[in-house]
Structure formats: structure tokens, C-alpha cells
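Here's the structure, in C-alpha cells; my notes come after.
Residue numbers (our numbering): 7 to 180.
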């Protein structure tokens, strides 16, 4: 395990999101006729990721949000509707980002500091669109079942250099 420390606590992302892509391609390359084997391997691999996160955040409070097959666009619509129903605004011009955030389904989720996308794809695929507005994005060419701890550390190290370059915070506090 590599320790990521660029001289300050702010070089470590507070909220990391991972788009775990490439399971079917992994199964195809591995020679499985049933491509759902890739999803099984990918699901089993989540436990590894959680272990890496736990090892790097020992002694800190936090939580895990697991979103499978998630597209957050409907959450934004629900947040706007919830703010209007709650009387938070009189007109469409009076609605604020805070109003929407307060009414997102599942409660407000902290802004994501770092998004890791596996499989080399250069898109977010609807992944927490409200929360990734200021996130750094690290794209790994590895397919999710092959993404390892060294790859995770590489993403954290890259984030640390961005955090240092931007004055200690890669994105504004959430």
C-alpha cells in the first residue's frame, strides 16, 4: 500500500466515487460465454475496494454510498420538485442549489472530490451529476475486475498533486 501525503490533510480526497466499468468486456476477454460472470467478478471486487478505502481512512468517520445502475438525473428533477413542494421557492428564479441539494432523494450527499472511472471510457454515465460538478476525474484504462490497489493509489496520488497545485483543495468544501 502506498501512503498518499502531499504535506497536508487536504491532499486526501474526502469523498471518492468509483464508476466500476468494464465487467462484460472483462468476461469476454477472459473467455466466459456467459458475460454475467464479469458482473459477478466485478461485484466480488467491491469488497477489495472497501478494504482499500478502510485502510486509508482508519480512525476517521464516514460512510459508503453504493449506487448500482444509477443515473442521477431523476434525482435532480426530484430535488427541484421537492424544493417547490416544500415552499422553498416562490418562482423558478428563486430556487438555489442549496434548495435542490436539501431535497435530493436519499438526503444530501457530499460533493465528490475524486471520481475514478475504470475501462478507459471518458464519460461519467450519469454518475451523481449534482455531486461531481467540481470533482477531479481519473480515468484508468483497466477494466473494473482488473483494477487493483496500485491503480487506486495512482488515482489518489494524482489527486494529491492536483490538490497541491490548486492550493490544497481540488474542489470547494461541501
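Where is the CB? At the ideal position from N, CA and C, for every residue including glycine.
Would you say the segment 18-31 touches the segment 143-153, given that touching needs at least three Cβ pairs under 8 Å?
-> yes
In this structure, does DSSP put residue 18 in helix, strand or coil?
-> coil
Please list, in chain order, all residues of the same chain as residue 19 whose beta carbon is under 6 Å from its beta carbon, the five residues on each side excluded.
-> Taken in chain order, the residues that qualify are 119, 120, 165.
Limits of the beta strand (DSSP E) - the one that residue 142 falls within = 142-145
When 83, 95, 127, 153 are compared against residue 44, the one with the closest alpha-carbon | 153
Touching by the beta-carbon criterion (3+ pairs, under 8 Å), the segment 126-133 and the segment 100-116 | Output reads no: the segment 100-116 does not touch the segment 126-133.
When you compare each of 159, 85, 51, 95 to residue 134 by their alpha carbons, which one comes out closest?
-> 85
For residue 34, three-class secondary structure by DSSP = helix
Check residue 130 in the structure and name its three-state DSSP category.
-> coil
Can you tell which of 162, 95, 87 has the C-alpha that lies nearest to the C-alpha of residue 58?
-> 162
By DSSP, does residue 118 sit in helix, in strand, or in coil?
-> coil
Boundaries of the alpha helix (DSSP H) in which residue 82 is found, first to last residue = 79-91
Ignore the nearest five residues each way along the sequence and tell me which others in residue 32's own chain have a CB closer than 8 Å to its CB.
-> 44, 47, 48, 149, 150, 151, 152
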